[in-house]
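Numbering (the numbering used here), first residue to last: 454 to 918.
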């Protein structure tokens, strides 16, 4: 197949053409006998040897050397038509003809080998360049899959597929289109297990390796700079090609390029997701700021009116007095919620400037409890503040807001009559402040969700609102 692909005659035909060339040279030189010296006729045979060596290589050149010596001795050296040599000086001629043929065959074989090596290197370099250029513009994983499979099949004459990990790190076959389903490799559970081993250990496995060499597939991990991105599974048409170092080196380069492309696409997707989240967050903050600002004025009026209604003269009947007081509490709670939303939007936009001052934590705790007195009517509050608390450098207004929010959260997620503890103590170079309750706590695995906006636990108490 290699000879056919290169345009040269097959192995057997080269020797047939060599014999034919020697016969033609003998026929051409025969009429020259008597008109030219034998030394000139020898030049024709030497020319034939060189041409055969250039065209067909070492083996035919050696055959041409022996045939030329035999034909020159039999047809031209007296006594003719015998292999006897009357003049021993012709033995030197025979030796020169034989040596020239052998040297020409050796040199041309070396040149041909070097030319083939250079041609193969050029083909490999061209394939790598085209593969890298094709991967440089891809933006989706499916494109990398199709490009890699196509280049491996054309370059190595082998079937190939990419195995990519899921979120749990288990390799999965990519979904194949209708066109690619016929060419998709069918891997058994054992094959997937070998591929998983290659992925977990970042080491080639399968055919031609030390790990399960009897497998019909060759598994090459796609190792990128940050992590292993998958496995390239290959089913070669000829098992011997896996043992060729140059083939393995080029295939390793293919796998590295595919891994880098997969990592680049991954980070493109991460960047796009981050951009979408940033834009969504910005839009949500803008909406919250606008909505909170528009609601703040009417809610402030509602708080004042409800308080005037509850405290006005003459006093309302007890039933209406309770309704007016409840209306005032809910309006005040709504006003605080809107203030929190507006402050949160300001914090997200970076517009908040901290008013840092050295002050006592006890004063801020007392202020927070006074602000939350309406929420603590059905709970017992206890403070455990160390007696040697130093002055702390913080923003009193914001810390008070934090404590109020934590206390309010504790009242929502604890039953009436339960105890809420506010504790503070010194731990090394830091002051630890905690709001403790006997609520259900955070669900397992959702600890990080505590710092997300609008995150809630599994259930709240029956607190109205």
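Cβ coordinates follow ideal geometry from the N, Cα and C atoms, glycine included.
In the DSSP secondary-structure assignment, residue 811 is bridged to 846. Sequence-distant partners of residue 778 (beyond 5 residues in either direction) whose C-beta falls short of 7 Å from its own C-beta, in its chain, are 763. DSSP places residue 883 within a strand segment (E or B) once states are collapsed to three.
Residue 839 has its alpha-carbon roughly 34 Å from the corresponding atom of residue 787. Counting only the Cα atoms, residue 675 lies some 48 Å from residue 505. Around the beta carbon of residue 687, a 10 Å sphere encloses 16 or more other beta carbons of the protein chains shown; the residue is thus reported as buried.
For residue 837, the enclosing beta strand (DSSP E) stretches over residues 833 to 838.
Assigned with DSSP and collapsed to three states, residue 670 falls in coil, not helix or strand. The DSSP-derived three-state label of residue 874 is strand. Here residue 610 carries a coil assignment [DSSP, helix/strand/coil]. Scanning the stretch 570 to 595 from its first residue to its last, no whole alpha helix (DSSP H) run of 4-plus residues comes out.
The beta carbon of residue 774 is closer than 8 Å to those of 763 and 768 in its chain, skipping five residues each way along the sequence.
With respect to the 7 Å criterion, residue 815 and residue 872 are not classified as neighbours on the basis of their beta carbons. Note that the C-beta distance between residue 514 and residue 568 is not below 7 Å.
By the neighbour-count criterion, in which a residue is buried when 16 or more other Cβ atoms sit within 10 angstroms of its Cβ, residue 781 is buried.
Secondary structure note for residue 469: its alpha helix (DSSP H) is the uninterrupted segment 464 to 482.
Here residue 853 is buried, its C-beta having at least 16 other C-beta atoms within 10 Å. Rounded to the nearest angstrom, the Cβ distance from residue 609 to residue 704 is 7 Å, consistent with a contact under 8 Å. Within the same chain, Cβ atoms closer than 8 Å to the Cβ of residue 655 are found at 674, 676 and 681, the five residues on either side in sequence being excluded. The continuous beta strand (DSSP E) containing residue 687 extends over residues 681 to 689. Rounded to the nearest whole angstrom, the CA to CA distance from residue 545 to residue 607 is 53 Å.
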